[in-house]
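>
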Amino acid sequence: MSPIPILISPSFILFVTKCYHLENILYFNMLKMKSFKNITSMLGLLKSNVTSHGVFSAFGAIILFVSSAIAQPDAPAGLNSQPLRDWLKAEWYNPYFNDLGYNGARTQMFGYTDELNGSIYCIYTGFEQVAEFTTYLDPINTEHIIPQSFFGGISPMKSDLFNIRPTHGSANSSRGNSPYSEISDENAQWYGTGTNGNYVTQNDVPVDPENWSKRSGTLWEPRDDVKGDIARKVFYFYTMYPSQAGSIEALGDPTMFFQWHINDPVSVFESTRNNRIQETQGNANPFISHPEWVEPAWFWSGEIVEGCTDPVACNYDVQANMDNGSCVFPEAGLDCDGNTLSSCSLFFSEYGEGSSNNKYLEIYNPGVAEVSLSGYALAHTVNAPATPGNFENWVELPTNAVIGPGAVFKIVHSQAVLELLNNADFTYSSLSNGDDGFGLVFGNPEDFDLLDIIGNWDADPGSGWSVAGTDNATQNHTLIRKPEVLDGNNGNWDSSAGTTIDDSEWIVMDSDDWSNYGQHSAIGSCSTDIEVDEDVFGCSYASACNFDPLTTIDDSSCDFTSCQVPGCTYSSAINFNPEATFDDASCVFNDNVNTCASDINGDDVITVGDLLLLLTDFGGNCP
1 MSPIPILISP
11 SFILFVTKCY
21 HLENILYFNM
31 LKMKSFKNIT
41 SMLGLLKSNV
51 TSHGVFSAFG
61 AIILFVSSAI
71 AQPDAPAGLN
81 SQPLRDWLKA
91 EWYNPYFNDL
101 GYNGARTQMF
111 GYTDELNGSI
121 YCIYTGFEQV
131 AEFTTYLDPI
141 NTEHIIPQSF
151 FGGISPMKSD
161 LFNIRPTHGS
171 ANSSRGNSPY
181 SEISDENAQW
191 YGTGTNGNYV
201 TQNDVPVDPE
211 NWSKRSGTLW
221 EPRDDVKGDI
231 ARKVFYFYTM
241 YPSQAGSIEA
251 LGDPTMFFQW
261 HINDPVSVFE
271 STRNNRIQET
281 QGNANPFISH
291 PEWVEPAWFW
301 SGEIVEGCTD
311 PVACNYDVQA
321 NMDNGSCVFP
331 EAGLDCDGNT
341 LSSCSLFFSE
351 YGEGSSNNKY
361 LEIYNPGVAE
371 VSLSGYALAH
381 TVNAPATPGN
391 FENWVELPTN
401 AVIGPGAVFK
411 IVHSQAVLEL
421 LNNADFTYSS
431 LSNGDDGFGL
441 VFGNPEDFDL
451 LDIIGNWDAD
461 PGSGWSVAGT
471 DNATQNHTLI
481 RKPEVLDGNN
491 GNWDSSAGTT
501 IDDSEWIVMD
511 SDDWSNYGQH
521 SAIGSCSTDI
531 EVDEDVFGCS
541 YASACNFDPL
551 TTIDDSSCDF
561 TSCQVPGCTY
571 SSAINFNPEA
581 TFDDASCVFN
591 DNVNTCASDI
601 NGDDVITVGD
611 LLLLLTDFGG
621 NCP
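Sequential numbering from 1 applies to the sequence shown in the numbering used here.
#1: Which residues in the same chain as V205 place their Cβ atom closer than 6 angstroms to its Cβ, once the five residues preceding and following it in sequence are excluded?
#2: Looking at the structure shown, is H477 part of a helix, part of a strand, or coil, going by DSSP?
#3: Cβ atoms of S511 and N472: under 7 angstroms apart, would you say?
#4: Residues in its own chain within less than 6 angstroms of S78 by CB, not counting five upstream and five downstream?
#5: Any chance you could list the beta strand (DSSP E) runs of at least 3 consecutive residues sitting entirely within the segment 301–367, in chain order?
#6: List the whole-angstrom C-beta distance separating G567 from A580, where the pair is believed to meet the contact cut-off of C-beta under 8 angstroms.
#7: Does DSSP put I120 in a helix, a strand or coil?
#8: Under the assumption that E370 contacts I403 (Cβ atoms under 8 angstroms), give the Cβ distance between them as a whole number of angstroms.
#9: What first and last residue would you give for the alpha helix (DSSP H) that runs through Y238?
#10: Apart from the five residues on each side of it in sequence, which residues of its chain come closer than 7 angstroms, Cβ to Cβ, to G443?
#11: With a 10 Å radius around its C-beta and 16 neighbouring C-beta atoms as the bar for buried, classify C563 as buried or exposed.
#12: Between which residues of its own chain and V318 is the CB-CB distance below 8 angstroms, once the five residues before and five after are set aside?
#13: When the distance is taken between beta carbons, is S372 closer than 7 angstroms to L451?
#14: What separation, rounded to the nearest whole angstrom, lies between the Cα atoms of A231 and R215?
#15: So F347 packs on L440, CB below 8 angstroms; how close in whole Å?
#16: Can D584 be considered in contact with the ligand GTP, in the sense that its beta carbon sits closer than 6 angstroms to one or more heavy atoms?
#17: Whose CA, out of Y112, G518, S432, lies closest to the CA of R276?
#18: Which residues does DSSP list as the beta-bridge partners of H413?
#19: Using the rule of at least 16 other Cβ atoms within 10 Å of the residue's Cβ for burial, across every protein chain shown, is A250 buried or exposed?
#20: Per the DSSP calculation, T427 is bridged to which residue(s)?
#21: Short of 7 angstroms in beta carbon distance, which residues of its chain neighbour L283, apart from the five on each side in sequence? Order them along the chain.
#22: Exposed or buried, what is T499 when buried is set at 16 or more other beta-carbons lying within 10 Å of its beta-carbon?
#23: For D449, which residues does DSSP report across the bridge?
#24: Pick helix, strand or coil for Y112, following the three-state DSSP scheme.
#25: Taking only three categories from DSSP, how would you classify M509?
#26: Look up W190 in the DSSP assignment and say whether it is helix, strand or coil.
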């Protein structure tokens with residue numbers, strides 16, 4: 001039996017978490033919940049924690065049916081090198097990335113994103129341990145592919161799941177902050193696992209050297225079947241954090257990383273991990289989703305053509321592949337020729353109700369500027385509404401999504417065919433069966449503007465509504481808005497549907513006709529009448545030295561180092577510096593003093609392992 005569609009409020013999930021004492025795990029993320037995307041992510045975390053309490057099955061089927069997925073966009077043709085990397089940061093990272101914090105990221109890594117058949121495998125050695133939601137899976141530690149010392153140990157670089165992987169603590173210490181390299185077998189120290197699965201380090205060349213990592217001098221070479229994984233993480237890091245950790249060359253030869261990327265292509269595990277990180281952290285690694293983008297983003301050697309690369313600009317140059325800051329934009333409400341634009345709004349440009357679950361809606365932006373979907377929602381009925389004229393379900397659209405001028409936003413049933421799903425921007429499992437009125441609204445459930453509607457909220461029409469003289473056209477048909485339509489119907493469905501081919505705003509197509517899917521042709525343009533606050537560019541990371549709380553769009557100007565003070569941060573050290581913001585390993589201790597009394601097992605990390613040792617000796621007498 002399919003779950004019954006319901007609205008899930010943050011207060012409901014907080015109620016459940018408090019009942020089972022999980023509020024400390026989820027509360028922080030709840031505060032940042034803005035869309036069904038975030039609900040889905042948090043329910044995954046909730047499931048992982050309440051399963052051990054034996055209660056998830058009691059309500060999991062009720063709440064986990066909410067399904068949404070945000071497809072990140074394809075790269076524009078002609079973008080290469082730095083312009084492409086800038087675009088990837090702006091379109092694949094800034095709108096989606098959600099910093100989980102270091103503890104949150106490690107918990108997800110050890111319990112979910114890196115789990116394979118119930119186990120966690122160390123990236124350098126293959127050492128295996130049972131997966132668990134924890135911040136330290138002793139003896140497995142957290143390896144930073146780009147070492148913390150490169151960026152001062154500051155989040156979000158420290159907690160980005162694409163920069164961390166599980167690693168045996170000893171291998172983690174041995175690698176340290178060494179650059180990556182190809183090194184000879186001679187005089188190398190090898191790190192791997194023995195036939196019994198135990199961690200091993202040795203001087204002799206192993207019988208299967210490709211499965212071992214090695215170190216020589218200050219250089220580190222990972223085992224062969226993770227080299228591509230590491231390379232794609234490196235390209236990701238220096239794309240999303242281009243100025244925070246110095247140059248990529250300090251970590252290793254970029255051409256070597258590219259060869260690793262070619263020789264070790266994306267595996268099923270890496271792809272699965274990428275998807276899981278997108279669920280929990282919000283963003284995907286573009287070089288995993290699109291391995292073919294590595295070359296144009298990092299190794300493109302064609303001709304640089306400067307010009308305006310923004311398609312919205314009046315002087316857009318289709319030949320340009322590097323923006324030179326020359327773009328000229330029309331004033332608000334005017335076109336490029338200075339003519340006044342008519343006012344309009346987003347509207348439904350296409351509707352598909354086909355066989356099985358092959359259903360979709362498209363929202364079109366007829367304006368000359370991109371429109372944020374913050375504040376927009378779908379409001380719909382299910383068959384006959386309980387109260388005629390009122391919607392029954394409210395579905396917020398992703399607040400971090402935008403629709404460019406002349407572009408469409410595709411909402412697809414979560415069980416539609418891949419031809420539709422692979423290009424979806426958002427999925428929803430309760431789209432119309434032909435007799436459910438769907439409205440596009442702006443506002444909140446108590447106060448909103450009805451911009452456009454397909455069907456109505458008055459009554460169940462039977463199988464479907466008639467459109468352009470075709471009976472039941474909203475069932476087993478595709479509807480396409482005519483190109484001369486530049487605005488929604490504001491709730492006047494009868495006028496929009498019409499009674500003939502001539503007076504209808506719609507073209508009725510056969511069932512499963514998706515020939516126009518993902519695009520829309522309109523005659524003319526207009527000015528959207530929903531006021532959007534002016535964007536403020538700056539640094540949006542609270543941990544940065546130049547953080548600006550008024551920033552709405554991060555412009556990659558964050559400075560994470562100028563206000564950082566290196567020094568000794570241990571108060572028991574002789575040279576303790578109370579003004580130091582991060583430890584630079586310069587501490588000098590009195591040999592007769594325990595430098596870190598809480599580190600009982602001597603692994604330089606205070607974890608549950610130390611607590612267990614304390615409890616073992618609790619009640620005994622000191623010698």
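C-beta: ideal position from N, C-alpha, C; glycine also. No experiment lies behind these values; they were computed from the predicted model shown.
Checking against the coordinates, here is how it stands:
#1: D185
#2: strand
#3: no
#4: Reading off the sequence shown, one finds Gly at residue 78, where the question assumed Ser. So the list reads N321, once near-sequence residues are dropped.
#5: 347–353, 359–364
#6: 3 angstroms
#7: strand
#8: 6 angstroms
#9: 227–240
#10: G375, D449
#11: exposed
#12: G78
#13: no
#14: 18 angstroms
#15: 7 angstroms
#16: As presented, the structure is devoid of all ligands, the ligand GTP included, so that no description of it is given.
#17: Y112
#18: Its beta-bridge partners do not exist; DSSP assigns none.
#19: exposed
#20: V412
#21: Looking at the sequence shown, residue 283 is not Leu but Asn. Excluding sequence neighbours, N283 sits near W92, Y93, Y96, F97.
#22: exposed
#23: F442
#24: helix
#25: strand
#26: strand
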